[in-house]
Amino acid sequence: MFTGIVQAVGEVKQVASQESGLRLNIAPGMLDLRDVNTGDSIAVNGVCLTVTTLVDGMFSVDVSRETLSCTEGLDKRGGRVNLEKAMRLSDRLGGHLVSGHVDGIGAVVTFKPDGESYLLAIKAPASLLKYIAKKGSITMNGVSLTVNAITGDEFEVNLIPHTLAVTTLSALEAGAKVNLEVDMLARYVERLMGDRLNPQSAG
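Per the numbering used here, the sequence shown starts with residue 254, numbered consecutively.
Following this line, the structure appears as structure tokens:
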């Protein structure tokens with residue numbers, strides 16, 4: 254489990270093909286790896302991945318073909334990635350509860366200055382729209398954000414200077430693809446309401 258508060262920006266140094274997918278060697282940037290062991294989870298651009306090795310100040314993760322097929326931005330050598338270690342029960346929940354399981358890929362429609370901040374508009378997959386609510390939470394490339402507006406199949410968020418400075422979101426441009434994870438509370442609400450509206454499905 255994660256919070257969507259990015260701890261560092263890393264770089265994918267090596268991408269090696271495997272029968273089951275890819276192995277990535279990632280330079281962690283400012284991420285402190287002293288308390289990280291093999292088998293631990295790290296969110297990489299919003300994708301929960303398991304550390305397989307720790308060598309020469311870098312960590313490796315294996316990415317399955319299934320994960321590659323439904324995510325964006327993991328297979329590019331030299332690519333910059335948002336990193337967050339799995340949260341501990343004693344940690345502050347600065348963002349919102351994030352599972353690291355990407356629900357879909359969105360596309361940047363608009364990315365432009367808005368005062369001291371930036372306005373970012375994303376076209377979301379139709380299957381996710383019912384989970385996206387104004388003033389609700391959404392995770393984009395591992396970053397916890399608040400939805401400011403929804404119009405049709407697009408939603409808007411505001412990026413403050415700090416977020417732009419400590420994540421990879423500052424490099425976005427129109428047409429870029431982003432990993433989206435909807436608020437898990439919205440999914441539970443849908444399940445609960447679905448059971449109430451369709452009592453037979455609960456049995």
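In this text, a Cβ means the ideal position worked out from N, Cα and C, and glycines have one as well. Every value quoted in this text rests on a predicted model; they were computed, and no experiment measured them.
Give me, in chain order, the residues of the same chain whose beta-carbon lies closer than 7 Å to that of I403; leave out the 5 immediate sequence neighbours on both sides. Once the five neighbours on either side are set aside, the close Cβ partners of I403 are I385 and K387.
In its own chain, which residues sit with a C-beta less than 6 Å from the C-beta of T324, not counting the 5 before and 5 after it? Cβ-Cβ distances below 6 Å link T324 to V300, V355 and N432 in the same chain, with the five nearest sequence neighbours on each side left out; the list follows chain order.
By DSSP, does M254 sit in helix, in strand, or in coil? Reduced to three states, the DSSP call for M254 is coil.
If you compare alpha carbons, which of E369, A360 and V262 is closest to P414? Looking from the CA of P414, the closest CA among E369, A360 and V262 belongs to E369.
Skipping 5 residues on each side, what residues in its chain have a beta carbon closer than 6 Å to that of D436? Hits under 6 Å: G389 and S390.
Using DSSP's beta-bridge definition, name the partner residues of I385. I385 is not bridged to any residue.
Is the distance from the Cβ of L321 to the Cβ of G274 below 7 Å? Against a cut-off of 7 Å, the Cβ pair of G274 and L321 comes out as a contact.
Measuring CB to CB, does K430 end up less than 7 Å from A360? Taking a C-beta distance under 7 Å as the contact criterion, K430 and A360 qualify as a contact pair.
To the nearest angstrom, how far is it from the Cα of L327 to the Cα of T256? Those two C-alpha atoms are separated by around 20 Å.
Quick one: residues in its chain with C-beta nearer than 6 Å to the C-beta of Y371, no 5 flanking neighbours on either side, listed in chain order? For Y371, where only same-chain residues beyond five positions count, the Cβ hits under 6 Å are L412.
With 16 as the cutoff for other CB atoms within 10 Å, does V334 come out buried or exposed? Residue burial is scored here from C-beta neighbours: V334 has at least 16 other C-beta atoms within 10 angstroms and is therefore classed as buried.
Considering only their Cβ atoms, is the gap separating R330 from V268 smaller than 7 Å? Contact flag set, yes.
From A261 to S352, what distance separates their C-alpha atoms? Roughly 18 Å separates the two Cα atoms.
For T303, which of D309, I279, G310 and M283 has the nearest alpha-carbon? Closest by alpha carbon: I279.
Verify whether the separation of the beta carbon atoms of M254 and M340 is less than 7 Å. Less than 7 Å separates the beta-carbon of M254 from that of M340.
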